[in-house]
Amino acid sequence: MIPYGRQDISDEDIRAVVDVLRSDWLTQGPAIEQFEKAVAQYCGAKYAVAVSNATAALHVACLAAGLGEGDVSWTSPNTFLASANCGLYCGARPGFVDIDPRTYNMDMAALEQKLQAAAQSGTLPKVIVPVHFSGQSCDMAALGELARRYALTVIEDASHAIGAYYRGKPVGSCAHSDMTVFSFHPVKIVTTGEGGMVLTNREDLYERLKLFRSHGMTREAHLMDKEPDGPWYYQQVALGFNYRMTDLQAALGCSQMLRLDAFVARRRALAARYDGLLAGLPLTLPWQHPDGASSFHLYVIRLQLDRIRKTHRQVFEGLRERGIGVNLHYIPVHTQPYYRQFGFKQGDFPVAEQYYREAISLPLFYGLTDADQDRVVEALAEVFQ
213 MIPYGRQDIS DEDIRAVVDV LRSDWLTQGP AIEQFEKAVA QYCGAKYAVA VSNATAALHV
273 ACLAAGLGEG DVSWTSPNTF LASANCGLYC GARPGFVDID PRTYNMDMAA LEQKLQAAAQ
333 SGTLPKVIVP VHFSGQSCDM AALGELARRY ALTVIEDASH AIGAYYRGKP VGSCAHSDMT
393 VFSFHPVKIV TTGEGGMVLT NREDLYERLK LFRSHGMTRE AHLMDKEPDG PWYYQQVALG
453 FNYRMTDLQA ALGCSQMLRL DAFVARRRAL AARYDGLLAG LPLTLPWQHP DGASSFHLYV
513 IRLQLDRIRK THRQVFEGLR ERGIGVNLHY IPVHTQPYYR QFGFKQGDFP VAEQYYREAI
573 SLPLFYGLTD ADQDRVVEAL AEVFQ
């Protein structure tokens, strides 16, 4: 079975982890700060806070933004559950903005219209979580302008998008946002096994992120309400969580970051090759906005079902039967049973729902060979026949 995604672990990665195993530190040691610096420097951000996974990163970012009971957070319906759940963890009410039919990211025209209505009704969100789906950046300049106009905090869910660019700057620079979140799950472009990170250019958010990562605890005197009793002293000044990354994970991340450009270059080459190989089939292929350069975490095709004598499910299962481990990203979050209790229903976000009825994620990862890719395309042609 050719999977839709797979990590690439080198001998150098293994040596980096072994070096930590032989060191004095396994958890809260120097590798974490090194990894944070490597990602921040790559992206051009001032600060980075590594955490246990990207869901934790989204949660602490929302907490740092002050999201709480009675507030509202909006995201895209075309995303993994965590992009919406992070607001619920803080007690906020969820909301969604439909997607653009070409990029599958949050539609800025729909967002502006919804913000205008919310301003009139007094129901503006406090936090917006745009999702850089498949590795392509949202229109962050437009979103940043709307955020300034309506006093919103913007948290970029860039779980798919490390190595991507928007208007000449790396995703993660926070040029148009308050914070950016990355994921380092094994199917992502860079992996730490499990792991996440929040980037920001604001020192106040950085200090709060560090607190929420580790029980709300600090050893920094300027954050305490009295002079420390001694060098052993700490205070809990907020209610935080145990969301810490280990040195083992961070060492793997540091090693992986050295190959980030190579990872992304190969993914882009494979995506371009898919574009050529699939050109004659009844498919809608990924569209890239000229303002950005995707890191291609995913390569998503859409079936032109009016030209195919099979259903979406038949094509999906036909590929799986032929050893092609396709997947579907994503089931619209607002259609999930848990979210229906908030009043969401089928038909609320028709563009995302139509996308879901047609989308299939094809295998795309650094180690995918040209021969494997040819096999994927041949299987797809067989299913259509």
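Counting from 213, one number per residue, gives the positions in the sequence shown under this note's numbering.
All residues carry an ideal CB built from backbone N, CA and C; glycine is no exception.
Since the structure is predicted, the reported quantities are computational estimates derived from the model, not experimental observations.
Residue i burial status per 10 Å Cβ neighbour count (16 or more: buried)
i, result
"Asp586", "exposed"
"Gln461", "buried"
"Met213", "exposed"
"Asp231", "exposed"
"Thr412", "buried"
"Gly384", "buried"
"Asp369", "buried"
"Tyr550", "exposed"
"Leu327", "buried"
"Lys557", "exposed"
"Glu248", "buried"
"Arg519", "exposed"
"Thr403", "buried"
Residue from the options with nearest C-alpha to residue i
i, options, result
"Thr496", "Lys522, Leu517, Phe308, Thr581", "Leu517"
"Phe424", "Val261, Phe561, Phe508, Asp459", "Val261"
"Gly408", "Leu417, Pro398, Asp416", "Pro398"
"Asp225", "Leu238, Arg480, Val588, Ser467", "Ser467"
"Phe308", "Ala484, Thr315, Ser295", "Ser295"
"Val341", "Thr403, Thr267, Gly405", "Thr267"
"Arg234", "Lys522, Asp459, Cys386", "Asp459"
"Leu270", "Cys298, Gln253, Lys258", "Cys298"
"His427", "Pro498, Gly278, Lys557, Tyr446", "Tyr446"
"Thr315", "Tyr418, Pro337, Gln500, Ile221", "Gln500"
In DSSP terms, what residue i is bridged to
i, result
"Thr496", "Arg514"
"Thr365", "Val339"
"Ala215", "Correcting the residue identity first, residue 215 is Pro in this sequence and not Ala. Pro215 is bridged to Gly537."
"Val595", "DSSP output for Val595 lists no bridge partner at all."
"Gly504", "Tyr378"
"Ala260", "Leu411"
"Asn454", "Ser426"
Any non-hydrogen atom of the ligand FAD closer than 7 Å to residue i Cβ
i, result
"Gly537", "With respect to the ligand FAD, the structure shown offers nothing to examine, as it has no ligands at all."
Query - 3 or more residues per run - each beta strand (DSSP E) lying fully within the stretch 536-575 - result: Within the stretch 536-575, the complete beta strand (DSSP E) runs of at least 3 residues are 571-574.
Query - Segments assigned beta strand (DSSP E), at least 3 residues, entirely inside the stretch 267-352 - result: 284-287, 305-308, 339-341
Requested in this report: Scan the stretch 379-441 and note each continuous alpha helix (DSSP H) run of 4 residues or more that stays entirely inside, going in chain order.
Outcome: 415-425
Query raised in the report: Are three or more beta carbon pairs between the stretch 572-592 and the stretch 504-521 nearer than 8 Å?
Result: yes
Query raised in the report: If we count Cβ pairs, one from each stretch, closer than 8 Å, do we get three or more for the stretch 342-351 versus the stretch 312-320?
Result: yes
**Report entry** the stretch 388-404 / the stretch 438-455 touching (three or more Cβ pairs under 8 Å)
**Finding:** no
Query raised in the report: Taking contact to mean at least 3 C-beta pairs separated by less than 8 Å, is the stretch 277-292 in contact with the stretch 373-382?
Result: no
Query raised in the report: Taking contact to mean at least 3 C-beta pairs separated by less than 8 Å, is the stretch 329-341 in contact with the stretch 358-377?
Result: yes
**Report entry** Cβ contact check for the stretch 545-560 and the stretch 520-537: 3 or more pairs under 8 Å
**Finding:** no
Query raised in the report: For the 8 Å Cβ check, are there 3 or more pairs between the stretch 475-495 and the stretch 581-596?
Result: yes
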